[in-house]
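Enquirer: Below are the structure tokens for one structure; questions will follow.
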Amino acid sequence: MIELNHVTKRYWTQNIAKQALKDVTVQLPQGQIIGLFGENGAGKTTLMKCILGFLSYQGSITLDGAPIDRRNIHRLSFATCEHSFFPHLTAQDHREFYRHHFPAFRDDRFRVLMDFFRLPMGREMGHCSTGQKNQFELILAMSQGADYILMDEPFAGNDIFNREDFYKLLLGMLEERETVLLSTHLIEEVQHFVGRALLLREGELVGDCSVTELEEQGRSLVDYVKETYQYRSGRVLEALDRLEQDGEGRT
Amino acid sequence: MKERWSRWTQRLSPPGYPVERETGGVAVAASVMVLIHLVQFLFRMQEELRWLYDEMGRLIPGAVMAPFSQVTAGYIPAWGVLTLACLALGVVRYTYYYQGSRSIYLMRRLPDRWELWRRTLGWPLVLAVLLALLAAVLLGAFRLGYLWTVPAEAMAE
């Protein structure tokens, strides 16, 4: 289990401290598909980067009670919309690189996913389309043999059919020990695939719920997110009204 | 042999990095440096030796050859700069992990903690050592040439 205890991350911008994460305490047990939601700048990416040790932070993050370091980092994989593969290597080269560095690399899964998405094995990844790059990024994260798969906006640039396919594959492929932490804005799309939702707002964890429980209460994940965010659906109309009134005032 | 060499250099470089081009560039810079210093050394030696002899080609009594350090002035700083430039390639290599993707995320997640630094600094260090050796060999050759051409009576040191 990954445990975050009172994790706080501060950034300094122009001599002003900004809290990207505020006292986040949460547990991520094995075998769950967890959605991480929040508006832009809510701290989703920062949270993942803290877990992976890319950023320094206050508080503690442990994996089965031990700090995350070189000894257990292989249990975590990461797919990001920024892409973390090597643009001048082919898929085949990446396969060899991963096999060398991650002994638990799932070659069977890699092959199935490469075939499924019909990605070329011998082409430099930098020359592929954005959609193909996203798919490849996900394939690597899924094939690493990690227990915890962290995905940060992995579908940016993929069409709806592609995303649907991937969700289904994800559900079919994941084993009980595998946990997915999926950060995305596509709440409606993933609500039937995630079992738990974490909501971040301005660096604070403002919501943590089971999607099954929500469904039993007859509520959708989107409703829950809107409620938690105190989303005012009328604000668009209000803004348009104001704009109209301003326009009349000027004429 | 060529394949083994290529595998070795690639293992000391970021995956997909144009290491052959980089090595070629360093080799050209080193060759130009060797050529410049060779020409400079020969020119300076000829100039300095001229003052030791009269029109008849006889050694002028009491004439003293310029010291070796004067003949090779500027040599060590120049090679030092080239060696440091080689080490600076490590910075270029590190920025490579930010080009076209953020492969730095993968490199920083590898269980082998040295892999990132081996691939970033390994080959520049090898090149820097090779350059330092080349500089030393060349300086040694110049010294031998100096000792061979300067008559013992005219030695400054």
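Line by line, the protein sequences are chains A and B.
Residue 159 is where the first sequence starts when you use the working numbering, and the numbers rise one by one after that.
Residue 4 is where the second sequence starts when you use the working numbering, and the numbers rise one by one after that.
Heads up, the beta-carbon is just placed ideally off N, CA and C, and yes, glycines get one too.
When we look at the beta-carbon of Glu-295/A and count the other beta-carbons within 10 Å, is it buried (16 or more) or exposed?
Expert: It is buried - the Cβ of Glu-295/A has at least 16 other Cβ atoms within 10 Å.
Enquirer: Is it right to say Phe-255/A is buried, meaning 16 or more other beta carbons lie within 10 angstroms of its own, or is it exposed?
Expert: With 16 or more other Cβ atoms within 10 Å, it is buried.
Enquirer: List the whole-angstrom C-beta distance separating Thr-204/A from Asp-310/A, where the pair is believed to meet the contact cut-off of C-beta under 8 Å.
Expert: No, Thr-204/A and Asp-310/A are not in contact; Cβ-Cβ is about 10 Å, not under 8 Å.
Enquirer: Nearest chain B C-beta to Ser-242/A closer than 8 Å, yes or no?
Expert: So, interface residue.
Enquirer: Taking the beta strand (DSSP E) that Ala-175/A belongs to, which residues open and close that run?
Expert: Ala-175/A -> beta strand (DSSP E) spans 174 to 186.
Enquirer: In whole angstroms, give me the CA-to-CA distance for Ala-178/A and Gly-365/A.
Expert: Distance between the alpha carbons of Ala-178/A and Gly-365/A: 17 Å.
Enquirer: Identify the contact partners of Tyr-108/B in chain A, using a Cβ-Cβ distance below 8 Å as the criterion.
Expert: Per Cβ cutoff of 8 Å: Leu-210, Phe-212, Phe-236, Thr-238, Glu-240 and Ser-242.
Enquirer: So the candidates are Trp-11/B, Pro-17/B, Trp-8/B and Met-36/B; which of them puts its Cα closest to the Cα of Glu-118/B?
Expert: Comparing Cα-Cα distances from Glu-118/B to each of Trp-11/B, Pro-17/B, Trp-8/B and Met-36/B, the minimum goes to Pro-17/B.
Enquirer: Which residue marks the beginning of the alpha helix (DSSP H) containing Ser-34/B, and which one marks its end?
Expert: Here the alpha helix (DSSP H) through Ser-34/B covers 22 to 53.
Enquirer: Between which two residues does the alpha helix (DSSP H) harbouring Met-331/A extend?
Expert: Looking at the DSSP string, the run of the alpha helix (DSSP H) that includes Met-331/A is 318 to 331.
Enquirer: According to DSSP, simplified to helix, strand and coil, what is Ile-63/B?
Expert: The answer is coil: DSSP assigns Ile-63/B none of H, G, I, E or B.
Enquirer: Going by DSSP in three states, Tyr-382/A sits in which element: helix, strand or coil?
Expert: Reduced to three states, the DSSP call for Tyr-382/A is helix.
Enquirer: Helix, strand or coil: how does DSSP classify Phe-195/A here?
Expert: Reduced to three states, the DSSP call for Phe-195/A is strand.
Enquirer: By Cβ distance, which residues of its chain are closer than 6 Å to Arg-269/A, with the 5 residues on each side in sequence left out?
Expert: Excluding positions up to five away in sequence, the list is empty.
Enquirer: Quick one: Cα of Gln-190/A to Cα of Ser-242/A, how far?
Expert: Looking at the two C-alpha atoms, the distance is approximately 24 Å.
Enquirer: For Ala-237/A, which residues from the same chain have a beta carbon less than 6 Å from its beta carbon, with the 5 sequence-adjacent residues on both sides left out?
Expert: Closer than 6 Å at the Cβ level, and outside the excluded window around Ala-237/A, lie Glu-295, Leu-296, Ala-299, Met-309 and Pro-312.
Enquirer: Let's test the definition: count the other Cβ atoms within 10 Å of the Cβ of Ala-69/B and tell me whether it reaches 16, buried, or not, exposed.
Expert: With 16 or more other Cβ atoms within 10 Å, it is buried.
Enquirer: Does any residue of chain A bring its CB to less than 8 Å from the CB of Arg-10/B?
Expert: So no, Arg-10/B is outside the interface.
Enquirer: For Leu-247/A, return the contacting residues in chain B, with the cut-off set at a CB-CB distance below 7 Å.
Expert: Result: Pro-18 and Gly-19.
Enquirer: Give a yes or no on whether the C-beta atoms belonging to Ala-355/A and Phe-195/A are separated by under 8 Å.
Expert: Yes, the Cβ-Cβ distance between Ala-355/A and Phe-195/A is below 8 Å.
Enquirer: If you drop the 5 nearest sequence neighbours on each side, which residues of the same chain put their C-beta closer than 8 Å to that of Ile-185/A?
Expert: The residue asked about is misnamed: residue 185/A is Gln in this sequence, not Ile. If we look at Gln-185/A and ignore the five residues flanking it on each side, its Cβ neighbours are Met-159, Ile-160, Glu-161 and Leu-162.
Enquirer: For Arg-228/A, go through chain B and note every residue whose CB falls closer than 9 Å to its CB, in chain order.
Expert: Simply Leu-113, Pro-114, Asp-115 and Arg-116.
Enquirer: Going by DSSP, what residue range makes up the beta strand (DSSP E) through Val-338/A?
Expert: Note, Val-338/A: beta strand (DSSP E), 337 to 341.
Enquirer: Quick check on Asp-251/A - is its C-beta less than 8 Å from some C-beta in chain D?
Expert: This model lacks chain D altogether; the protein chains it does include are A and B.
Enquirer: Quick check on DSSP: helix, strand or coil for Tyr-169/A?
Expert: In this structure, Tyr-169/A counts as strand in the three-state DSSP scheme.
Enquirer: Consult DSSP for Arg-121/B and reduce its assignment to one of helix, strand or coil.
Expert: In the structure shown, Arg-121/B sits in a helix (DSSP, three-state: H, G or I).
Enquirer: Closest Cβ-Cβ distance between Phe-255/A and chain B: below 8 Å?
Expert: Yes, because at least one Cβ of chain B sits closer than 8 Å to the Cβ of Phe-255/A.
Enquirer: Is the stretch 52 to 68 of chain B touching the stretch 6 to 24 of chain B, taking contact as three or more C-beta pairs under 8 Å?
Expert: Touching, no.
Enquirer: Quick one: what's Thr-238/A bridged to in DSSP?
Expert: The partner list for Thr-238/A (beta bridge, DSSP) reads Asp-310/A.
Enquirer: Threshold first: 3 residues or longer. Then list the beta strand (DSSP E) segments lying entirely within the stretch 228 to 287 of chain A, N to C.
Expert: Those beta strand (DSSP E) runs which fall completely within the stretch 228 to 287 of chain A and span 3+ residues are 234 to 238.
Enquirer: When DSSP builds the beta bridges, which residues end up paired with Ile-219/A?
Expert: DSSP lists Leu-162/A as partners of Ile-219/A.
Enquirer: What does DSSP give as the partner residues of Cys-367/A in its beta bridges?
Expert: The partner list for Cys-367/A (beta bridge, DSSP) reads Ala-355/A.
Enquirer: So, for Leu-329/A: in the same chain, excluding its five sequence neighbours on each side, which residues have a beta-carbon less than 7 Å away from its beta-carbon?
Expert: Here the set comprises Phe-351.
Enquirer: Count the other C-beta atoms from every protein chain shown that fall within 10 angstroms of the C-beta of Val-153/B, then say buried if there are 16 or more, exposed otherwise.
Expert: Val-153/B comes out buried.
Enquirer: Who does Tyr-149/B pair with in a DSSP beta bridge?
Expert: None; Tyr-149/B has no bridge partner.
Enquirer: Would the stretch 248 to 264 of chain A count as touching the stretch 279 to 296 of chain A if we require 3 or more Cβ pairs under 8 Å?
Expert: Enough Cβ pairs lie closer than 8 Å, so yes.
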